[in-house]
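Participant: Going down the list, the sequences are from chains A and B. FYI, the working numbering numbers position 203 of the first sequence as 203, with every residue one higher than the one before it. Just add 1000 to the spot in the second sequence (first one is 1) and you have the working numbering.
Protein chains: 2
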Amino acid sequence: MKKIVECIPNFSEGRDIGKISHIVEAAKTVEGVSLIDFHSDADHNRSVLTLIGPPKAVSEAAYRLIEKAAELIDIKKHEGVHPFIGAVDVIPFVPLKGMDMKETVELARSLGDRIAHDLKIPVYLYGEAALHPERKNLADVRRGGFGKLAEEIKSKERHPDYGEAKLHERAGAVAVGARDFLIAFNVNLETKDLTIAHDIAKSIREKHGGLPGVKAIGVPLQSKGIVQVSINITEHRKTGLYDVMSFIKDRADELEVKVRSSEIVGLIPKDAIFPKIREYLNLEDFSERKILNSYL
Amino acid sequence: MKKIVECIPNFSEGRDIGKISHIVEAAKTVEGVSLIDFHSDADHNRSVLTLIGPPKAVSEAAYRLIEKAAELIDIKKHEGVHPFIGAVDVIPFVPLKGMDMKETVELARSLGDRIAHDLKIPVYLYGEAALHPERKNLADVRRGGFGKLAEEIKSKERHPDYGEAKLHERAGAVAVGARDFLIAFNVNLETKDLTIAHDIAKSIREKHGGLPGVKAIGVPLQSKGIVQVSINITEHRKTGLYDVMSFIKDRADELEVKVRSSEIVGLIPKDAIFPKIREYLNLEDFSERKILNSYL
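1. For a contact defined as C-beta to C-beta under 9 Å, what are the partners of Val90 (chain A) on chain B?
2. Quick one: complete beta strand (DSSP E) runs, 3+ long, within the region 1030–1081 of chain B?
3. Would you check if there are 3 or more beta carbon pairs closer than 8 Å linking the region 86–99 of chain A to the region 179–190 of chain A?
4. Could you list which residues in chain A have their beta carbon closer than 8 Å to that of Glu1263 (chain B), in chain order?
5. List the residues of chain B whose Cβ lies closer than 9 Å to the Cβ of Val259 (chain A), in chain order.
6. Per DSSP, what kind of secondary structure is His1117 (chain B) in: helix, strand or coil?
7. Keeping to the same chain, check which residues put their C-beta closer than 7 Å to that of Met1 (chain A); ignore five residues upstream and five downstream.
8. What would DSSP say about Lys1002 (chain B), mapped onto helix, strand or coil?
9. Looking at the unbroken alpha helix (DSSP H) that takes in Ser203 (chain A), where does it start and where does it end?
10. Going by C-alpha distance, which of A:Val58, A:Thr191, A:Ser12 and A:Asp16 is nearest Ile4 (chain A)?
11. Taking 8 Å as the CB-CB cut-off, is Glu288 (chain A) touching chain B?
12. Closest to Ile233 (chain A) by CA distance: which of A:Gly32, A:Asp74, A:Glu256 and A:Ile273 is it?
13. So, under 8 Å CB-CB, Ser12 (chain A) and Gly86 (chain A) are touching, yes? Tell me the CB distance rounded to an integer number of Å.
14. With a cut-off of 8 Å, do at least 3 Cβ pairs link the region 1152–1172 of chain B to the region 1203–1213 of chain B?
15. Return the residue from the list A:Arg15, A:Arg46, A:Ile23 and A:Ile17 that minimises the CA-CA distance to Gly266 (chain A).
16. How many whole angstroms separate the CB atoms of Asp161 (chain A) and Leu138 (chain A), which I take to be in contact at a CB cut-off of 8 Å?
17. Exposed or buried, Gly147 (chain A), counting other C-beta atoms within 10 Å across all chains shown (16 or more means buried)?
18. What is the DSSP secondary structure of Asp253 (chain A), counted as helix, strand or coil?
19. Applying the 10 Å Cβ sphere with the 16-neighbour rule, what's the burial state of Thr50 (chain A)?
20. Quick check on DSSP: helix, strand or coil for Leu125 (chain A)?
21. Run the CB neighbour count on Lys1290 (chain B), radius 10 Å, all protein chains shown included, and call it buried at 16 or more, exposed below.
22. Less than 8 Å between CB atoms is the rule here; does Met99 (chain A) satisfy it with respect to chain B?
23. What would DSSP say about Pro1275 (chain B), mapped onto helix, strand or coil?
24. Write down the C-beta distance between Val30 (chain A) and Ala70 (chain A) rounded to the nearest angstrom, noting that I regard them as a contact closer than 8 Å.
25. From Gly1026 (chain B) to Gly1112 (chain B), what does the alpha carbon distance come to, in whole angstroms?
26. At what residues does the alpha helix (DSSP H) containing Phe146 (chain A) begin and finish?
27. Determine, for Tyr242 (chain A), whether the minimum Cβ-Cβ distance to residues of chain B falls below 8 Å.
28. Hey, would you say Tyr1242 (chain B) sits closer than 8 Å to Tyr63 (chain A), going by beta carbons?
29. Report all residues from its chain with a CB closer than 6 Å to the CB of Lys258 (chain A); omit the five preceding and five following residues, and keep chain order.
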């Protein structure tokens, strides 16, 4: 079976269209790699690509992207509401077809090694690719962001997995990892009050007793004059998009705030949507095979 | 652009697995034709295939299917809750890609002509392929079912469009047509009371002030000891599956009856589902392109 891996590089530029397109174009120069989604946000000041294809080709595309980003982005000047540690902040790999997590871990580590060696950017391995248990969780790797990492990189605790304990002049550092599928889902609220986004983010988080497999933060979207709950769902079979939206709508009602809109960053697996359709329609059976457009 | 047509033959056998599989196999012998859905029901005593492929190949598959059905089914002995006039009751064609309705009408008429000439089965043209305005509506072509048609076929009003005014000994008659996409959606109710299915069917019908583009009948499902509202949605952009289910659930609540389950016969276009997902999730944008599985 042909191996297919997904890679979702997040880079720290969401405003300058010229830079963004040059960086994206660099990833597109590798044959066999498909760019299947692209999401850019001015407030997050961040862009997210979804690449799929054969492992080697996708890894090469990620390498070319980080090479170009290191050239065009100066992370010391970066401002954005999303946490970050580098010009290319995070490069996750997800096994999609014909390959297991072990192989995906090897792919991530091998790219990390190459980035540290050739580009002199310090690399932190996270998720399943982590070499240290305390780096499994990306939020821990990124804790305190770029500023904190600049202070602490020489400490033993924060020594990079690959490369020297010295941030790259322009690109900072990068987290490279392997993980299972994850849904990034942002919900925009009709208010400027950031405490409301924080409140809802806290209540929906698994670790504060919210929904299974949900991480969330509240961030301001200054360009729109509103706030956002930015969510990751790591267990989409337990918690689907409807569950998240229902939860947020209920909590927003209590706080007398309206939901303005939502957005999916990257892609979702069908299991995040279809079981709820089946449930609501009481369907005996439902899958994408029942949707005519799947065949055209 | 490669032309693709859909054909959804309905034949009057939903119980005898041996006969059903022989009839389905006959349609599958044509190269280039894909059988993308199959639905069989014992109470309706009817099976529905969804075939797609190039126009000539799909027409040939439909021909082979009716030839085999005429051999294996004796319509005089047929019993089932669904209205019918023949062994193969209805053969609708739907233009999917690279072809317009005019071409689809020609395809339907040409198959009809061949069926009447070679198989001696009288053919009624309906939908966009109708030669008479009073035969546009399939329900009018089928009014009174096989029994009534047997009495009236010699009348001027019911003279077949192709073939002689004489039912085929085993196969009866067949309606061949061209139409736009249609959704067949059945909702099963937790009651044996047929008047409740009739009541709900009536209230949801467009012509009785229900939902746009909805036709419905109430039928008993003796094998399950329940009743069913059997629905056709002809305007899925106006009335989606959620609208139908919400309507029925509300009416069922009023009548103190529960919805047991539902089923989609054949396929649905994404527009019957996705706009509601977008609406409920307040998504700025949503399509099958956001579903990862579409790429695998």
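Glycine included, every Cβ here is placed at the ideal spot set by N, Cα and C.
Facilitator: Taking the definition as stated:
1. Those within 9 Å of Val90 (chain A) in chain B number zero; the least Cβ separation is about 19 Å.
2. Qualifying beta strand (DSSP E) stretches, in chain order: 1034–1041 and 1046–1053.
3. Short answer: they touch.
4. Residues of chain A passing the Cβ test: Leu283, Glu284 and Asp285.
5. In chain order: Asn1282.
6. In this structure, His1117 (chain B) counts as helix in the three-state DSSP scheme.
7. Around Met1 (chain A): Lys97 and Gly98.
8. Coil, per DSSP.
9. Here the alpha helix (DSSP H) through Ser203 (chain A) covers Leu194 to Ile204.
10. Distance from the Cα of Ile4 (chain A) is smallest, within the candidate group A:Val58, A:Thr191, A:Ser12 and A:Asp16, for A:Val58.
11. Output row for Glu288 (chain A): interface = yes.
12. Nearest C-alpha to Ile233 (chain A): A:Ile273.
13. Sure, about 7 Å apart at Cβ, within 8 Å.
14. The region 1152–1172 of chain B vs the region 1203–1213 of chain B: no contact.
15. Out of A:Arg15, A:Arg46, A:Ile23 and A:Ile17, A:Arg46 has the C-alpha closest to the C-alpha of Gly266 (chain A).
16. Contact between Asp161 (chain A) and Leu138 (chain A) is absent: CB atoms are separated by about 14 Å, not below the 8 Å threshold.
17. With fewer than 16 neighbouring CB atoms inside 10 Å of its own CB, Gly147 (chain A) falls in the exposed class.
18. Helix.
19. Classification for Thr50 (chain A): buried.
20. Of the three classes helix, strand and coil, the one that applies to Leu125 (chain A) here is strand, per DSSP.
21. Classification for Lys1290 (chain B): buried.
22. For Met99 (chain A), no Cβ of chain B is located within less than 8 Å of the residue's own Cβ.
23. In the three-state scheme derived from DSSP, where H, G and I count as helix and E and B as strand, Pro1275 (chain B) is classed as helix.
24. Not really, about 17 Å apart at Cβ, beyond 8 Å.
25. Note on identity: in this sequence residue 1026 (chain B) is Ala, with Gly being the wrong assignment. Rounded to whole angstroms, Ala1026 (chain B) to Gly1112 (chain B) spans 18 Å at the Cα level.
26. Start and end: Gly145 to Glu152.
27. Yes, Tyr242 (chain A) counts as interfacial toward chain B.
28. Not in contact: Tyr1242 (chain B) and Tyr63 (chain A) (Cβ atoms no closer than 8 Å).
29. Hits under 6 Å: Glu190.
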